[in-house]
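Undergrad: Taking the working numbering, the leading residue of the sequence shown gets 220, the next gets one more, and so forth. Ideal placement from N, C-alpha and C gives every residue a C-beta, glycine not left out. The model shown is predicted, which means the values in this text are computed figures rather than measured ones.
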Amino acid sequence: MQYQFRFEKILTIKEIEKDEALNVYNQAVKRFEKAAEKLYELLKKKEDLEVYQSSRLVNGIPVQEIRHHQHFIHNLEKTIEHYQQIVMNARNHMNFQQEKLKEKNIEVKKFEIMKEKGLTNYAESVKQLEGKQMDDISIQHFMNRGN
Numbered sequence: 220m221q222y223q224f225r226f227e228k229i230l231t232i233k234e235i236e237k238d239e240a241l242n243v244y245n246q247a248v249k250r251f252e253k254a255a256e257k258l259y260e261l262l263k264k265k266e267d268l269e270v271y272q273s274s275r276l277v278n279g280i281p282v283q284e285i286r287h288h289q290h291f292i293h294n295l296e297k298t299i300e301h302y303q304q305i306v307m308n309a310r311n312h313m314n315f316q317q318e319k320l321k322e323k324n325i326e327v328k329k330f331e332i333m334k335e336k337g338l339t340n341y342a343e344s345v346k347q348l349e350g351k352q353m354d355d356i357s358i359q360h361f362m363n364r365g366n
């Protein structure tokens, strides 16, 4: 007779839920990383443009070009603000999914611990049953030897 965990189906379902939560979390991490990289690129672009503009100011630059750069930087700042919001939302979503994943891991761990305890108890009861059977066999063997 082999040990059959009575909550095996529930454990399987919880493991599937945990795997799904892990996939959702990984997607959230990728989304966050993608948004953060785009934000970094925009910030770097703004910094490079400001450095370029300041170097051009030293040598002299037409007013129209200054206006053009200021307008471009202003639009770039709006885009940066937009991406900062996207990054913040992506981070919040990622953290939320991480918490859900932790909860799923805890649920699975609880069932795994229950399974381990049940298996241990089963092994002990089998060992006791085998001991009783060996005692019975020994008693029968002793009784038959005496006859």
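Is the shortest distance between the beta-carbon of I332 and the beta-carbons of chain C less than 8 Å?
TA: Judged by its chain identifiers, the structure shown contains no chain C, having just a single protein chain.
Undergrad: Closer than 8 Å is the cut-off here; do at least three beta carbon pairs connect the stretch 274 to 283 with the stretch 225 to 237?
TA: Segments in contact, no.
Undergrad: On the three-state DSSP scale, how would you describe I280?
TA: In this structure, I280 counts as coil in the three-state DSSP scheme.
Undergrad: By how many angstroms is the C-alpha of Y302 removed from the C-alpha of V243?
TA: Going by the C-alpha atoms only, they are around 22 Å apart.
Undergrad: Just how far apart, CA to CA, sit E227 and F330?
TA: Whole-angstrom Cα-Cα distance: 9 Å.
Undergrad: If we call anything under 8 Å between Cβ atoms a contact, is L320 one with Y222?
TA: No.
Undergrad: Can you give the Cα-Cα distance for H293 and I285, rounded to whole angstroms?
TA: Distance between the alpha carbons of H293 and I285: 12 Å.
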